[in-house]
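Asks: Below is the structure I would like to discuss, written out as structure tokens.
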Amino acid sequence: MSTAQNYRTINIDTLDPDSPQNFPLPTLLPSTLPPPSTSSAAANTATQVRQLLRSGDATGALRVVLDTAPLGGDEGAKQVHLATVVDVLQGIRQGEMGRVLEGVLVGEGGGERGDCLMKYLYKGMASTGPGSGSQSPRKGISPQSTGFSQVQGRNLGEGGGGQQMSVLLNWHEKLVELAGTGSIVRVMTDRRTV
Amino acid sequence: MATAEVHHLFHNPIADHSFSSDKKTLAVARDNNVELYQKAGSKFSLTDELKGHEKTVTSVDIAPNSGRIVTCSQDRNAYVWEQTPEGWKPTLVLLRINRAATFVRWSPSEQKFAVGSGARVIAVCYFEEENDWWISKHLKKPIRSTITTLAWHPNSVLLAAGSTDSHARVFSSFIKGIDARPEPSAWGERLPFNTICGEFLNDSAGWIHGACFSPSGDALAFTGHDSSVTVVYPSAPEQPPRAMLNISTRLLPFNSLIWSGENEIIAAGHDCEPYRLRGDESGWQLEGSIESKAGPGADSIREESALNMFRQMDLKGQSQADTQLKTVHQNTISTIRVYEDANGVVNKLSTSGVDGRVVIWTI
């Protein structure tokens, strides 16, 4: 009897090899993906980048942090690196944004750095909470399986969260001016997540 | 800059359009039917309707020499229409697919056509004399998702396909008894049916919307939802390509593209205007729009009288009605096709889009 009752709760899509749920997502990753990295490697980069930032080389810091994005890394590495990127972005004054951004987007791989920064802007906006976005992503917070959450997940402009959001939005505006809407579209299509 | 000849046919999206070889007939896919327009003077007027599909028609193609029309639809069927004294007569094609048919194109030889579908197969269809019907053979492996676009190589054997699994692939669709043995090329030497001559993926992935072989067939270009165009130059069979160049743009994604010469590509899509790309194996650049911006959109902005301004402010809360785009097309362009060419150099092309317009461009 117990198996008979279970029929209703079986997710039949997982049993069907042709179902979109079983689509092999790794096939969308290009062969140029960097090798896997861990959070300790990301922490090392973070110290390096903070040093650059302290010495006043904002453009260099942003360049390095975008070039070393752990596209093939695990979730821990990605979270640590996100915190570093947000720190760098917050460490640059609004008046300097345009100049720094132009410096980052020129040269070889400039377009890719722009796309990478856009990914971090969206990821930064998606991760809630004050501080540097080092908390777990939104997914885990939702109390119901519907995925909707009214209480959490909103930034009510209090504390660091709201301030971080306004910094990210400022960067977003500047980046769209320089890199165009194409880079927003690529955040959605690119499977090399940050 | 290009000049545009605009034909605003109706206020519905045009999924696909095709001109006959004499450019007098225009077939347009509209909802469940295909409408045929005849050129009368400088205008196109509706003369015939091809009715038979039960769901949205997704693609239509007129064979330049035989004049046969092939259509396919979301009702999983394809028809070949032939003109008889009593009117257009449809013949059902045995596609054997269980999902919508998405795209159809005649091969240059006109002996075959290929139908892409949501069933993760490409049906390569040919006419079987003894049974007097169109039958199909399936290209299956290694397609993992819906086919969105197809393009034929000039040799009528190689077929490029773009898919929602973000890959562009080149297949052999060689059918014994129909095709002549193709010349060996950089794509492959021996080409039995379903040989995979190339499989390409962009770094930033994205559904493939459009693909096209260069006039010589020695290069392939495809465009995807990552707002980029990729050009592939194959080196030798079974070898990685000689060059694979990705041009990522700051624009919205392109839907369709054609080569207008060996070193020039015209692509159009969600930005509502065609763009020109130029380059060769060492690199490609986006040149910019082919539209001259002082075009019809701009001069249709009428001089605003004070009365009109206050009336607009009263009615709509704004002083100017800026509902018109500055481009010729007023919505996404879905299909771009060669209209007229000479020795592989295109001097006229046609576009159709969601705004119900068909535009003929002279470049």
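Protein chains in written order, with UniProt numbering: chain X, 1 to 194; chain A, 1 to 363.
Just so you know, even glycine gets a beta-carbon here, dropped at the ideal spot from N, CA and C.
Taking R144/A as part of the alpha helix (DSSP H), name the residues at either end of that continuous run.
Replies: Taken as a continuous stretch (DSSP letters only), R144/A belongs to no alpha helix (DSSP H), as it is neither H nor E.
Asks: At a Cβ threshold of 9 Å, is R113/X touching chain A?
Replies: Judged by the 9 Å Cβ criterion, R113/X is not in contact with chain A.
Asks: Could you confirm whether any beta carbon from chain A is found closer than 9 Å to the beta carbon of T27/X?
Replies: Yes, T27/X lies at the interface with chain A (some Cβ there is under 9 Å from its Cβ).
Asks: Between D57/X and chain A, is there a C-beta pair that is closer than 9 Å?
Replies: Taking Cβ atoms only, chain A never reaches closer than 9 Å to D57/X, which makes this a no.
Asks: Return the chain-ordered ranges of every alpha helix (DSSP H) run that is complete within the region 1 to 48 of chain A and spans a minimum of 4 residues.
Replies: Counting whole runs of 4 or more residues, the region 1 to 48 of chain A contains no alpha helix (DSSP H) stretch at all.
Asks: So for G188/A, helix, strand or coil by DSSP?
Replies: Residue state, collapsed to three classes: strand.
Asks: Nearest CA to the CA of Y79/A: which residue from F44/A, V115/A, S292/A and G279/A?
Replies: Cα-wise, what sits closest to Y79/A is V115/A.
Asks: What's the gap between the Cα of F193/A and the Cα of I175/A?
Replies: Going from the Cα of F193/A to the Cα of I175/A covers about 7 Å.
Asks: What do you get for V6/A, buried or exposed, if any count of 16 or more other CB atoms within 10 angstroms of its CB means buried?
Replies: Looking at its Cβ environment, which holds fewer than 16 other Cβ atoms inside 10 Å, V6/A is exposed.
Asks: So H8/A packs on R357/A, CB below 8 Å; how close in whole Å?
Replies: Confirmed, about 5 Å.
Asks: From the beta carbon of N255/A, is the nearest beta carbon of chain X less than 9 Å away?
Replies: So, not an interface residue.
Asks: Could I get the ranges of all uninterrupted beta strand (DSSP E) runs contained in the region 330 to 361 of chain A, with 3 residues as the minimum, in chain order?
Replies: The qualifying runs are 333 to 342 and 345 to 353.
Asks: In the DSSP assignment, the beta strand (DSSP E) including K137/A goes from what residue to what residue?
Replies: First-last of the beta strand (DSSP E) with K137/A: W133 to L139.
Asks: Return the chain-ordered list of same chain residues with a C-beta closer than 8 Å to the C-beta of H17/A, the five sequence neighbours on each side being excluded.
Replies: The answer, listed in chain order, is L26, A27, V28, A29, V60, T335, R337, S350, S352 and V358.
Asks: Distance check for D16/X and R191/X, CA to CA, integer angstroms please.
Replies: In a straight line, the C-alpha of R191/X is about 24 Å away from that of D16/X.
Asks: What is the C-beta distance between residue 391/A and H270/A, in whole angstroms, given that I count them as a contact (C-beta under 8 Å)?
Replies: No statement about residue 391/A is possible, as the shown extent of chain A runs from 1 to 363 and does not include it.
Asks: Within this structure, are the beta carbons of L175/X and S166/X separated by less than 9 Å?
Replies: Their beta carbons are not under 9 Å apart, which means L175/X does not touch S166/X by this criterion.
Asks: Put R186/X into one of helix, strand or coil per three-state DSSP.
Replies: Reduced to three states, the DSSP call for R186/X is helix.
Asks: At a CB-CB cut-off below 8 Å, which residues of chain X make contact with R250/A?
Replies: Under the 8 Å cutoff, chain X gives A179, G180, T181, G182 and S183.
Asks: For the region 124 to 157 of chain A, enumerate the residues whose C-beta is nearer than 8 Å to any C-beta of chain X, in chain order.
Replies: Against chain X - using a Cβ distance shorter than 8 Å - the residues of the region 124 to 157 of chain A are R144 and S145.
Asks: Show which residues of chain X have a CB atom less than 9 Å away from the CB atom of L201/A.
Replies: The answer, in chain order, is T27, L28, L29, P30 and S31.
Asks: Beta-carbon of M118/X versus every beta-carbon of chain A: anything under 9 Å?
Replies: Answer no: the Cβ-Cβ gap between M118/X and chain A never drops below 9 Å.
Asks: Can you pull the chain X residues whose beta carbon is under 7 Å from the beta carbon of A101/A, in chain order?
Replies: By Cβ distance, chain X contributes nothing, its closest Cβ being about 18 Å from A101/A, past 7 Å.
Asks: Just to make sure I have the definition right: I need the residues of chain A whose C-beta is within less than 8 Å of the C-beta of T193/X. Which are they?
Replies: None at all; the shortest Cβ gap to chain A is about 11 Å.
Asks: By the 9 Å beta-carbon criterion, what residues does the region 162 to 184 of chain A contribute toward chain X?
Replies: For the region 162 to 184 of chain A, which is checked against every Cβ of chain X, the residues closer than 9 Å are D165, S166 and H167.
Asks: Look at V104/A and T58/A and say whether their C-beta atoms are less than 9 Å apart.
Replies: Yes, Cβ-Cβ distance for V104/A and T58/A is below 9 Å.
Asks: Tell me, please, whether the CB atom of I301/A is closer than 9 Å to any CB atom in chain X?
Replies: Residue confidence for I301/A is low, a pLDDT of 49 falling below 50, so the modelled location carries little weight; the figure read from the coordinates is stated next. Not an interface residue.
Asks: Considering only the beta carbon of each residue, do S260/A and V170/A sit closer than 9 Å?
Replies: No. Outside cutoff.
Asks: Since D74/X and P36/X should fall inside the 8 Å C-beta cutoff, what is the C-beta to C-beta distance between them, to a whole number of angstroms?
Replies: Yes, they are in contact, since the Cβ atoms of D74/X and P36/X sit about 7 Å apart, within 8 Å.
Asks: Please decide whether A221/A counts as near chain X, where near means a Cβ-Cβ distance under 9 Å.
Replies: False, the Cβ-Cβ gap to chain X never drops below 9 Å.
Asks: Helix or strand or just coil, what does DSSP make of H172/X?
Replies: Of the three classes helix, strand and coil, the one that applies to H172/X here is helix, per DSSP.
Asks: Could you pull the start and end residues of the alpha helix (DSSP H) that N44/X belongs to?
Replies: Run containing N44/X: S39 to R54, per the alpha helix (DSSP H) assignment.
Asks: Considering only the beta carbon of each residue, do A151/A and A186/A sit closer than 9 Å?
Replies: Taking 9 Å as the Cβ cut-off, A151/A and A186/A do not qualify as a contacting pair.
Asks: Just to make sure I have the definition right: I need the residues of chain X whose C-beta is within less than 7 Å of the C-beta of S235/A. Which are they?
Replies: Result: empty, since nearest Cβ-Cβ is about 17 Å, beyond 7 Å.
Asks: With which residues is F174/A paired in a DSSP beta bridge?
Replies: BP columns for F174/A are empty, so no partner.
Asks: Considering only C-alpha positions, which residue in the set R63/X, I10/X, T47/X and N170/X is nearest to Q94/X?
Replies: Comparing Cα positions, the closest option is N170/X.
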